[in-house]
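Q:
Residue numbers (this note's numbering): 11 to 65.
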């Protein structure tokens, strides 16, 4: 089992553009906290796609 998390820029979201999205698949999501899944996705996105995480 896995979860797909999709990311698109704020500008693309406001313009309703879906063609420039990136996806991260998180595997083994049974008995996992939502915050852990989100943290894993942010880590993968920042490493793989060289995105900057802003909190």
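For every residue, glycine included, the Cβ atom is placed at its ideal position computed from N, Cα and C.
Can you name, in chain order, every residue of its own chain whose Cβ lies under 8 Å from the Cβ of residue 11, other than the five neighbours on each side?
A: Position 1 of the chain shown, counted from the first residue, corresponds to residue 11. These residues qualify, in order along the chain: 37, 38, 39, 40.
Q: For residue 46 and residue 56, what's the separation of their Cα atoms in angstroms?
A: Counting from 1 along the chain shown, the entry for residue 46 is found at position 36. Counting from 1 along the chain shown, the entry for residue 56 is found at position 46. For residue 46 and residue 56, the distance between alpha carbons rounds to 15 Å.
Q: Taking the CB atoms as reference points, tell me whether residue 49 and residue 15 lie closer together than 8 Å.
A: If you number the chain shown from 1, residue 49 lands on position 39. If you number the chain shown from 1, residue 15 lands on position 5. In this structure, residue 15 does not lie closer than 8 Å to residue 49 by Cβ.
Q: Compute the Euclidean distance between the alpha carbons of residue 42 and residue 13, then round it to the nearest angstrom.
A: Along the chain shown, read from residue 1 onward, the residue named residue 42 stands at position 32. Along the chain shown, read from residue 1 onward, the residue named residue 13 stands at position 3. Between residue 42 and residue 13, the C-alpha separation is close to 11 Å.
Q: Check residue 36 in the structure and name its three-state DSSP category.
A: Position 26 of the chain shown holds residue 36. Correct three-state label for residue 36: strand.
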